[in-house]
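Anchor point for the sequence shown: position 574 equals 574 in the numbering used here, and the numbering is continuous, going up by one each time. All residues carry an ideal CB built from backbone N, CA and C; glycine is no exception. Input: a single structure, listed below in structure tokens.
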Amino acid sequence: MLRRILLGSALILLASRPALAEDGSELWLRYRKTSDPARLAEYRATIQSLVMHGESPTLTVAREEILRGLRGILDREVTIDTEPTRDGFVIVGTASNLIPSINVARELGKVGKEGYVIRSITVGGRKGTVITANTDVGVLYGVFAFLRELQTSKPIRKLAIASGPAIQIRMLDHWDNLDRSVERGYAGKALWEWSKLPDTLSPRYKDYARANASIGINGASITNVNANAKFLTPEYLAKSAAIANVLRPYGIRVYLTARFSAPIEIGGLKTADPLDPAVRKWWADKTDEVYRFIPDFGGYVVKANSEGQPGPQDYKRTHADGANMFADALAPHGGVVMWRAFVYSQDVPTDRVKQAYDEFKPLDGQFRDNVMVQVKNGPLDFQPREPFSPLFGAMPKTPLMMEFQITKEYLGQDTHLAYLGALFEEVLRADTYAKGKGSTVAKVIDGSLHSYKRTGIAGVANVGSDVNWTGSQFNQSNWYAFGRLAWNPREASRDIADDWVRETFTNDQAAVARIREMMIRSREAVVNYMTPLGLAHIMATGHHYGPAPWVKLSRPDWSPTYYHRADSIGIGFDRTATGSNAVAQYFPAVRDRYANRKTVPDSVLLWFHHVGWGEKLSSGRTLWDELVWRYNAGVTSVHDMQRTWTNVQDNVDPERFKEVQSFLAIQEKEARWWRDAALTYFQTFSHRPIPAAFEQPAHPLAYYQQLRCPADRNKPRCEAIP
Ligand code: BDP
1 MLRRILLGSA LILLASRPAL AEDGSELWLR YRKTSDPARL AEYRATIQSL
51 VMHGESPTLT VAREEILRGL RGILDREVTI DTEPTRDGFV IVGTASNLIP
101 SINVARELGK VGKEGYVIRS ITVGGRKGTV ITANTDVGVL YGVFAFLREL
151 QTSKPIRKLA IASGPAIQIR MLDHWDNLDR SVERGYAGKA LWEWSKLPDT
201 LSPRYKDYAR ANASIGINGA SITNVNANAK FLTPEYLAKS AAIANVLRPY
251 GIRVYLTARF SAPIEIGGLK TADPLDPAVR KWWADKTDEV YRFIPDFGGY
301 VVKANSEGQP GPQDYKRTHA DGANMFADAL APHGGVVMWR AFVYSQDVPT
351 DRVKQAYDEF KPLDGQFRDN VMVQVKNGPL DFQPREPFSP LFGAMPKTPL
401 MMEFQITKEY LGQDTHLAYL GALFEEVLRA DTYAKGKGST VAKVIDGSLH
451 SYKRTGIAGV ANVGSDVNWT GSQFNQSNWY AFGRLAWNPR EASRDIADDW
501 VRETFTNDQA AVARIREMMI RSREAVVNYM TPLGLAHIMA TGHHYGPAPW
551 VKLSRPDWSP TYYHRADSIG IGFDRTATGS NAVAQYFPAV RDRYANRKTV
601 PDSVLLWFHH VGWGEKLSSG RTLWDELVWR YNAGVTSVHD MQRTWTNVQD
651 NVDPERFKEV QSFLAIQEKE ARWWRDAALT YFQTFSHRPI PAAFEQPAHP
701 LAYYQQLRCP ADRNKPRCEA IP
């Protein structure tokens with residue numbers, strides 16, 4: 001009745017493993033022995049044998065993972081059985097690999113292609129657990145979900161879990177270059193060892209794939225959006241194909257960025273005009289070639305006519321003309337083009353934050369079916385806080401993808417602790433009012449609002465070659481939270497943080513609560529000490545790490561002074577009808593709320609309004625006093641974080657405890673740097689004192705103006721640019 005299984009190799013894997021240093025390299029997949037004795041006893045009773053049928057590369061890695069996980073968590077071997085003949089069996093496989101008496105058809109009908117069902121069941125009087133799915137990759141996701149239940153110390157005797165992803169494409173965008181530098185990467189060199197590929201495959205590729213699959217990520221664009229045509233040459237396609245081969249069993253497709261001018265640079269053509277037949281043929285042929293190397297290639301990500309990148313407008317064509325050319329080349333293979341809406345130009349005289357909407361909204365309906373437009377969460381550029389982009393809800397005929405930035409270019413990069421789950425959640429839950437109340441950004445992205453046929457979400461990766469992968473221990477949580485929210489954009493970031501802490505550090509209740517709450521508040525702390533009350537882009541030029549609100553460049557749209565507009569009257573960018581009127585790009589309910597000084601939330605006040613220094617805010621404080629209060633609140637929050645961390649010392653291993661502690665010390669110093677630099681500068685306009693109750697800046701403005709960001713291996717731009 002049952003097919004034979006080939007598990008010989010699995011038994012060899014069961015050898016005991018050496019103790020590993022807690023350097024963060026295992027991410028949230030540490031699989032340590034369950035610490036609560038009662039829970040451990042429950043797990044050992046409930047999980048005694050593994051029954052797993054079916055053969056495929058994906059099922060093989062699923063089997064590897066569950067054995068690896070159980071061995072660690074139970075701290076003993078599980079028996080491999082061919083049938084569920086004893087209590088405590090765990091049977092794993094797609095419905096066709098299970099046994100007929102297990103009927104999960106109803107649940108499986110609801111979870112889709114990649115979803116899974118985990119259920120406690122009884123078979124022939126034996127109690128056990130089934131992990132099943134409609135596809136092999138669903139089984140793999142189910143295995144990871146089961147291991148998560150165990151790692152977070154949940155009860156497992158009465159499991160009834162059914163889950164499927166809300167969004168189809170859940171991908172990481174790597175901004176990795178040929179020379180292994182990473183655009184806005186703060187975790188060492190790029191993951192991909194281009195010069196050693198395709199012959200040498202770093203073991204990190206597989207661990208990267210495991211980590212992604214564990215949170216449901218199913219795509220990776222592996223090259224920088226500021227693209228290099230060389231990546232499309234056969235030499236480099238072979239390298240990308242080798243990466244794709246490692247990622248494939250984990251359900252991850254590879255995407256590449258396409259340089260618009262590649263037909264000229266590597267094709268020998270005279271033009272890259274998207275309506276030129278020779279150019280179109282070149283891309284069609286090139287795309288056929290890409291699919292010969294990578295049969296399940298996902299498609300192209302394109303940054304065009306943005307920040308100096310070539311694009312269709314160089315030939316007086318529209319973004320739709322450009323995107324459709326790629327779409328036509330990809331269509332025969334089932335690929336998609338992700339066309340980025342991050343466009344702005346200094347030659348366009350309007351407010352930079354209006355430009356993407358102005359450019360793209362009129363094109364709604366002109367894109368081919370396999371074009372997705374990828375929109376950054378806010379209309380500017382990954383600031384600590386921005387209102388959501390008004391494009392969400394405004395393009396009902398064009399599938400819009402979300403682009404979040406996981407790497408914290410503007411939020412303290414490697415060293416500052418900022419849990420982005422809170423930021424992602426804030427954006428996803430924002431209400432666009434596109435179809436009345438409840439038209440959240442999440443509903444745009446998951447396709448439910450406009451019945452998009454394709455749906456996607458991308459996160460600019462924070463992954464590099466550092467041992468801890470992401471430049472700091474806590475930056476791992478941002479990768480994790482991105483994946484979890486991509487799977488389920490309605491999940492609470494607090495719950496996700498809870499799971500992450502348990503999997504990464506400890507299951508001690510009190511410690512989990514402390515670390516979780518610290519994480520939840522950390523993003524607001526950064527907002528407060530960098531850009532409170534809706535300020536934006538007052539970071540130093542180039543590296544974007546430290547404060548430099550005084551900078552005025554020849555390009556206004558790169559100048560902090562353009563964004564804060566401080567003067568003797570007040571501070572803030574008037575984006576109402578008396579100013580740039582960017583607020584008019586939102587649906588009326590949102591527009592009216594933001595445009596009105598009485599209803600605009602303080603969190604985005606100075607984004608939309610120029611407010612007088614002496615005006616009273618809802619707190620009862622004047623704007624100036626509120627600014628001082630917020631900058632100080634940011635610093636105080638970091639002190640609280642330091643205290644919290646000291647309080648959990650006994651619950652965290654010494655290696656990681658020390659690393660986090662030393663980074664918090666940097667963050668504390670730099671939060672003060674941000675506060676004092678910003679306040680001494682803004683004071684030159686407000687001419688108001690910092691109330692005596694607050695710590696006074698230690699230095700005059702000139703001191704902060706000559707400070708440079710610290711030389712740091714992980715921040716290459718810091719040393720070079722003021
Ligand atoms: C900005 C970065 C720049 C990127 C650009 C983009 O500063 O390095 O190339 O975004 O998204 O945030 O294309």
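Name, in chain order, the residues that DSSP records as bridge partners for Val-117.
Thr-132 and Ala-162
Short check: CB of Ala-220 to CB of Met-171, under 8 angstroms?
In this structure, Met-171 lies closer than 8 angstroms to Ala-220 by Cβ.
For Asn-324, tell me which candidate among Phe-342, Tyr-315 and Pro-274 has the shortest Cα-Cα distance.
Pro-274
According to DSSP, which residues form a beta bridge with Gln-405?
Val-460
Can you list, in chain order, the stretches of the alpha helix (DSSP H) that have 4 or more residues and sit fully within the region 205-288?
234-247 and 262-265
Within the continuous beta strand (DSSP E) that includes Trp-673, where are the two ends?
Run containing Trp-673: none in the beta strand (DSSP E); it sits in the alpha helix (DSSP H), 654-686.
Figure out for me which residue from Tyr-410, Ser-637, Tyr-43 and Gln-405 has the closest Cα to the Cα of Val-427.
Gln-405
What did DSSP end up calling Trp-192 once you bin it into helix, strand or coil?
For Trp-192, the secondary structure class from DSSP, reduced to helix, strand or coil, is coil.
Met-1: buried (16+ other C-beta within 10 angstroms of its C-beta) or exposed?
A caution first: Met-1 carries a pLDDT of 36, below 50, which makes its placement in the model too unreliable to give a value.
Check for me: the beta strand (DSSP E) holding Lys-376 runs from which residue to which?
371-376
Give me the DSSP bridge partner(s) of Trp-339.
Looking at the DSSP assignment, Trp-339 forms a beta bridge with Val-302 and Val-373.
Going by DSSP, name the residue or residues bridged to Lys-616.
Thr-622
Are there any heavy atoms of the ligand BDP lying less than 7 angstroms away from the beta-carbon of Glu-386, as far as the coordinates show?
no
Going straight from the alpha carbon of Thr-122 to that of Ile-66, what length do you get?
Spanning the two alpha carbons is a distance of roughly 21 angstroms.
How should Gly-620 be labelled, buried or exposed, when 16 other C-beta atoms within 10 angstroms of its C-beta is the threshold for buried?
exposed
Could you name the residues of the same chain whose beta carbon sits closer than 6 angstroms to that of Leu-50, not counting the 5 residues immediately before and after it, in chain order?
Val-78, Ile-80 and Val-90
Could you tell me the alpha carbon to alpha carbon distance between Asn-475 and Glu-670, rounded to whole angstroms?
18 angstroms
Roughly how many angstroms separate the alpha carbons of Gln-473 and Val-526, rounded to a whole number?
17 angstroms
Starting from the Cα of Val-590, find the closest Cα among Gly-438, Leu-150, Asp-288 and Glu-235 and give me that residue.
Gly-438
By alpha-carbon positions, which one of Asp-431, Lys-316, Gly-298 and Phe-297 ends up nearest to Ala-304?
Lys-316
To the nearest angstrom, how far is it from the Cα of Ala-461 to the Cα of Leu-159?
33 angstroms
With burial defined as no fewer than 16 other Cβ atoms inside 10 Å of the residue's Cβ, what is the status of His-687: buried or exposed?
exposed
Using a 10 Å radius around the Cβ and a threshold of 16 neighbouring Cβ atoms, would you call Thr-85 buried or exposed?
Its Cβ having fewer than 16 others within 10 Å, Thr-85 is exposed.
On a CA-only basis, which of Lys-598, Gly-612 and Tyr-594 is nearest Val-604? Give me that one, please.
For the set Lys-598, Gly-612 and Tyr-594, the Cα lying nearest the Cα of Val-604 is the one of Tyr-594.
For Ala-434, which three-state DSSP category applies?
Three-state result, Ala-434: strand.
Using the Cα positions of Leu-330 and Arg-454, report the straight-line distance between them to the nearest angstrom.
15 angstroms
Over what stretch of residues does the beta strand (DSSP E) that includes Arg-502 continue unbroken?
Counting along the chain, Arg-502 falls outside any beta strand (DSSP E), though it belongs to the alpha helix (DSSP H) covering 493-504.
Please name the residue, chosen from Ile-569, His-610, Gln-151 and His-543, that lies closest to Trp-558 on a Cα-to-Cα basis.
His-543
Less than 7 angstroms between the CB of Lys-715 and some heavy atom of the ligand BDP, yes or no?
no
Taking the alpha-carbon positions, what's the Glu-193 to Ser-202 distance?
8 angstroms
What whole-angstrom Cβ distance do Ala-190 and Asn-177 have, given they're in contact under 8 angstroms?
Yes, Ala-190 and Asn-177 are in contact; Cβ-Cβ is about 7 angstroms, under 8 angstroms.
For Pro-549 and Ser-448, what's the separation of their Cα atoms in angstroms?
41 angstroms
Residues in its own chain within less than 6 angstroms of Leu-40 by CB, not counting five upstream and five downstream?
Thr-34
Taking 7 angstroms as the cut-off, is the CB of Asp-414 close to at least one heavy atom of the ligand BDP?
no
Looking at the unbroken alpha helix (DSSP H) that takes in Gly-421, where does it start and where does it end?
421-429
If you draw a straight line from the C-alpha of Ile-538 to the C-alpha of Lys-408, how long is it?
Going by the C-alpha atoms only, they are around 15 angstroms apart.
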